[in-house]
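A quick write-up on the structure given underneath.
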Amino acid sequence: MDRPAVDRAQASEPAPTNNKQPHRLYPSLPNVDSYDVFVPARSIAEKLHTAAASHPESLLEDTQSEVCAANSDVRLKAQILILEEQRQELISINEKWAKEYRTMVRFYKEKVRDLKALLQQNHSHFEEETREEGEKPVTLYKKLKFKTTKDKDSKWAGNGDVSSELLQAEMEAQELRAQNSTLTRRGQHQQEEIKRLNKALEEALHTTQPLGVSSETLQDLWKHQAEVYKEDFLTERKDREKLKEKYLELENKYRKVRSELRVLKSQVTWTQPPQPVLECICTNQGKHQHWEVRPVNQHHAQLQRR
1 MDRPAVDRAQ
11 ASEPAPTNNK
21 QPHRLYPSLP
31 NVDSYDVFVP
41 ARSIAEKLHT
51 AAASHPESLL
61 EDTQSEVCAA
71 NSDVRLKAQI
81 LILEEQRQEL
91 ISINEKWAKE
101 YRTMVRFYKE
111 KVRDLKALLQ
121 QNHSHFEEET
131 REEGEKPVTL
141 YKKLKFKTTK
151 DKDSKWAGNG
161 DVSSELLQAE
171 MEAQELRAQN
181 STLTRRGQHQ
191 QEEIKRLNKA
201 LEEALHTTQP
211 LGVSSETLQD
221 LWKHQAEVYK
231 EDFLTERKDR
241 EKLKEKYLEL
251 ENKYRKVRSE
261 LRVLKSQVTW
271 TQPPQPVLEC
281 ICTNQGKHQH
291 WEVRPVNQHH
301 AQLQRR
C-alpha cells in the first residue's frame with residue numbers, strides 16, 4: 001500500500017517548465033509556442049488517485065500510461081488550434097497584401113495613363129508650334145518682297161528710310177504677336193495642368209496609399225512636382241510680360257513711324273519729268289529768215305529762271 005502513495009506523490013508533483021522563449025512563426029503572429037500548453041497537475045493526480053482506488057496495483061502503470069497519452073492528446077489538440085489560428089492570420093495577411101497590390105496596380109496604371117495623355121498633348125502642341133514657325137518665315141518673306149517691290153515702284157522723295165523702319169517695325173510686331181499667342185496657350189495649358197495635379201494630389205491623400213510608400217513621402221513628391229510646375233509657370237509668365245512690354249514699345253514706335261510717313265507723303269508732290277525746250281533764233285539777213293532749233297540745257301534754263 002506504500003507504493004501507490006509514492007506513485008501518487010510523484011504524479012502530484014508539477015511538471016518542470018521550460019524557461020526558453022518560444023520562437024515566433026511570423027512577425028505579426030501572436031508570441032506563442034505550439035508546445036507551450038499548460039496542463040493542470042491536479043487533474044492528473046486526481047486521475048491517478050481514482051485509478052489507484054478503483055483498480056489493483058497491477059493496473060496502475062496502465063492508468064499512468066493512459067493519462068500520459070491523454071496529456072499528449074491535449075498538447076496535440078492545443079498545437080492544432082494554434083496552427084489553425086496562425087493559418088487564419090496568414091490568410092488574412094495574404095488578402096490584405098492582395099488588396100494593397102491591386103490598389104498599387106490601379107494607381108500606377110492611372111499614373112501611366114495620365115503621363116501618356118500629357119506626352120501626347122505636349123507632342124501635339126510642339127507640332128503646332130513647329131508648323132506655325134515654318135509658315136511664319138514664308139509669310140514674312142512675302143510681305144517683305146511686296147513691300148520692297150512697292151518701295152521700288154514708288155517715286156516719293158525722302159521716304160526710303162521711313163519705309164524701311166516701318167517694314168522692320170511691322171515684322172517685329174508680327175513676330176511678337178506670334179510669340180505672345182504661343183506663350184499664352186502654353187500658360188493656359190500649365191494652369192490646367194497645375195489644377196489637375198492639385199486635384200490628383202487631394203484624391204491621392206484621401207485614398208489608400210500604395211505598398212512601400214509612406215504618406216509623407218508621397219506628399220513630399222507631389223509638393224515637389226507642384227513646385228516645379230509653379231516655377232515653370234512663373235517663368236513663362238515673366239517671359240510673356242517682357243514680350244508684352246516689348247510689343248507695346250514696338251507698337252508705339254510703329255504708330256510714330258506711320259504718322260511720320262503720312263506727314264511725309266502729304267508734303268511730297270509729283271514732279272514732272274523735264275521736257276525739251278525749243279529756242280528760236282531769228283536773224284534778219286535781207287529778206288530771208290533762218291530758223292535754228294536746238295535743245296536747251298536744263299541747268300542753264302533753271303539758272304535763267306532764278
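In terms of full-length UniProt numbering, the sequence shown has 12 at position 12, counting the first letter as 1, and numbering is strictly consecutive.
Cβ coordinates follow ideal geometry from the N, Cα and C atoms, glycine included.
#### Entry: Classification of I80 by the beta-carbon crowding that lies within 10 angstroms, buried from 16 upward
exposed
### Query
Can you give the beta carbon distance from A169 to Y254, rounded, assuming they're within the 8 Å contact cut?
4 Å
#### Entry: Where V268 sits in the DSSP three-state scheme
coil
### Message
Check whether the region 92 to 101 and the region 170 to 179 are in contact - that is, three or more C-beta pairs closer than 8 Å.
### Response
no
#### Entry: Through-space distance from T184 to E128, alpha-carbon basis
14 Å
#### Entry: Among E227, N252, K265, L201, nearest to E110 - alpha-carbon criterion
L201
### Task
Would you mind sorting I257 into buried or exposed? The rule is 16 or more other CB atoms within 10 Å of its CB.
According to the sequence as given, residue 257 is Val; it is not Ile. Buried is the call here.
### Task
Tell me whether S28 is buried or exposed, calling it buried when 16 or more other Cβ atoms sit within 10 Å of its Cβ.
The predicted model places S28 with a pLDDT of 46, which falls under 50 and marks its position as unreliable; any figure quoted below should be read in that light. Result: exposed.
### Beta-carbon proximity of Q190 to E236, cut-off 8 Å
yes
### Task
Report the rounded CA-to-CA distance for K242 versus H125, giving the unit in angstroms.
22 Å
#### Entry: Exposed unless 16 or more other CB atoms sit within 10 angstroms - verdict on I91
exposed
### Task
Taking only the alpha-carbon atoms, compute the straight-line gap between V67 and A78 and give it to the nearest angstrom.
16 Å
### Message
Between Y229, N122, E203, which has its C-alpha nearest T182's C-alpha?
### Response
N122
### Message
So, under 8 Å CB-CB, Q225 and L197 are touching, yes? Tell me the CB distance rounded to an integer number of Å.
### Response
7 Å
### Query
Does the distance from the C-beta atom of Y229 to that of I194 stay below 8 Å?
yes
### Query
For L250 versus E172, is the C-beta distance shorter than 8 Å?
yes
### Query
With distances taken from CA atoms, which of R186, W222, E203 is nearest R240?
R186
### Task
To the nearest angstrom, report how far apart T63 and A70 are at their CA atoms.
10 Å
### Task
Look at the alpha carbon of R106 and the alpha carbon of E203, and state the distance between them as a whole number of angstroms.
14 Å
### Task
Label H23 either buried or exposed according to how many other C-beta atoms from any shown protein chain fall within 10 Å of its C-beta, with 16 as the threshold for buried.
At H23 the pLDDT is 45, less than 50, meaning the model places this residue with poor confidence; the figure from the coordinates comes in the next sentence. With fewer than 16 Cβ atoms within 10 Å of its Cβ, H23 is classed as exposed.
### Task
Note down the Cα distance separating R87 from Q120, rounded to an integer number of angstroms.
49 Å
### Task
Starting from the Cα of Q188, find the closest Cα among E89, D114, D232 and give me that residue.
D232
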